[in-house]
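Read the structure below first, then the notes.
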Amino acid sequence: MKDGINQCGGSGIESVDHFDGVGIVRIRPVVNKVEIKRAKRLIVEQIPHLADIEFPKRPVEDDGTLRPLFIGAFSKDGLIGAAFVTPGIQAAQSFLGYFSASAGAYQCAELVRRTVAEVEGIAVVDEYRRRGVALALKRYIDAWAADHGACLVLSVPTNEAARGLNEKSGHRVLEPDVLLMLQVEYADGGPCSLPFALERGQEAGYSCWAFLPIAKPGGMSVRAGQCPSVASSPGVSGEEYFAVKWETRDGDGNWIATTSRLRGVRADVMD
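Position 97 (the sequence shown) corresponds to 97 in my numbering; numbering is contiguous.
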């Protein structure tokens, strides 16, 4: 299987041609209300708990920043796969849940919203499964997010197939009982905020966090890490602490880990 990238005017990713062994599948943003309706129907049919999401009813103009976006996979048979990605709205809301009373909180929350991409769901029609279409959609999302100012892509796999898709695309997949931690950083890597745990409900049954650090913008950014939901052994002072493993990637895509300690993390993030 091979992918070919088409550029739009030399700037921005317009589409990716995915060769699935039978024919060409083109991966691109949807362009009209009809395609949005079909993409939404496919996603909700296969991922019913997303039915309550407020999906856009028409394409949102591309201004170079993250925006709610349907991405479609198109073959000679029409739409055969779809994905929906949004700016970091949930992550920004979680940040404000912790720090709304702090100075500069709303500016930091806006940074989180602009630089964190959240993948809500990916779906492929039955006849085209196991041909790499979902993986092509996933990789398109990562490239599109990096091209639109994101430094981090988040998703919540809700079954083993989705977990495997994230692992195959190079995302770090956490165990269900592990907390995803985020922290706003200055351009030099120094902390701009305290770390905070991103909430994840379990209404849909099995779920876990997955993340991928991507192109880092020139200014402030958001880093991600993992933390056990149970405190580690007491430190020297006798206080319990949580060890956070922060993970980034170098220019070659190799994972780099550092560890820090926290004295407390909200206990209700796994409710």
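For each residue, glycine too, the CB sits at the ideal point set by N, CA and C.
On the DSSP bridge assignment, give the partners of residue i in chain order.
| i | result |
| --- | --- |
| Pro-56 | Looking at the DSSP assignment, Pro-56 forms no beta bridge with any residue, so it has no partner. |
| Leu-279 | Limits of the chain in this structure are 1 at one end and 271 at the other, which puts residue 279 out of reach. |
| Trp-144 | Note: Trp-144 sits in no beta bridge, so no partner. |
| Thr-248 | Ile-256 |
| Arg-285 | For residue 285 there is no data in the structure shown, the boundaries of the chain being 1 and 271. |
| Ala-122 | The displayed chain sequence assigns Ile, not Ala, to residue 122. BP columns for Ile-122 point to Ala-83. |
| Val-222 | Val-184 |
| Arg-261 | Ala-243 |
| Gly-72 | Arg-28 and Ala-82 |
| Cys-227 | Leu-179 |
| Leu-212 | Val-153 |
| Pro-191 | Glu-185 |
May I ask you to report which of helix, strand or coil DSSP gives residue i?
| i | result |
| --- | --- |
| Asp-268 | The predicted position of Asp-268 is uncertain, since its pLDDT is 37 and thus under 50; a value taken from the coordinates is nonetheless stated next. If DSSP states are grouped into helix, strand and coil, Asp-268 belongs with the helices. |
| Val-30 | coil |
| Cys-108 | helix |
| Arg-130 | coil |
| Glu-61 | coil |
| Ser-94 | helix |
| Ala-83 | strand |
| Leu-66 | coil |
| Leu-198 | coil |
| Val-153 | strand |
| Ala-161 | helix |
| Ala-101 | coil |
| Gly-10 | Since pLDDT at Gly-10 reaches only 33, below the 50 mark, its modelled position is unreliable, and the value read off the structure follows with that caveat. In this structure, Gly-10 counts as coil in the three-state DSSP scheme. |
| Ile-43 | helix |
| Ala-136 | helix |
Please report the Cβ distance between residue i and residue j, rounded to the nearest whole angstrom; I am assuming they are in contact, meaning their Cβ atoms lie under 8 angstroms.
| i | j | result |
| --- | --- | --- |
| Leu-66 | Arg-114 | 6 angstroms |
| Arg-163 | Pro-213 | At roughly 19 angstroms, the Cβ-Cβ gap does not stay under 8 angstroms, so Arg-163 and Pro-213 are not in contact. |
| Thr-86 | Glu-120 | 6 angstroms |
| Ala-146 | Ala-215 | 4 angstroms |
| Ser-75 | Val-25 | 5 angstroms |
| Leu-194 | Gln-226 | At roughly 17 angstroms, the Cβ-Cβ gap does not stay under 8 angstroms, so Leu-194 and Gln-226 are not in contact. |
| Val-116 | Ala-91 | 5 angstroms |
| Arg-200 | Val-156 | 6 angstroms |
| Pro-228 | Phe-242 | 7 angstroms |
Run the proximity test for residue i: is its beta-carbon closer than 8 angstroms to any non-hydrogen atom belonging to the ligand SAM?
| i | result |
| --- | --- |
| Pro-48 | Annotation note on the ligand SAM: not contained in the displayed structure, which lists no ligands. |
Three or more C-beta pairs under 8 angstroms: does that hold for the segment 35 to 48 against the segment 79 to 88?
yes
Decide yes or no for the touch test of the segment 41 to 58 against the segment 89 to 105: beta carbon pairs closer than 8 angstroms, at least 3 of them.
no
Three or more C-beta pairs closer than 8 angstroms, one from the segment 160 to 180 and one from the segment 67 to 74: is that the case here?
Under the 8 angstroms Cβ criterion, the segment 160 to 180 does not count as touching the segment 67 to 74, having fewer than three qualifying pairs.
At least 3 beta-carbon pairs within less than 8 angstroms: the segment 175 to 192 vs the segment 219 to 229:
With a cut-off of 8 angstroms, the segment 219 to 229 and the segment 175 to 192 count as touching, because enough Cβ pairs lie within range.
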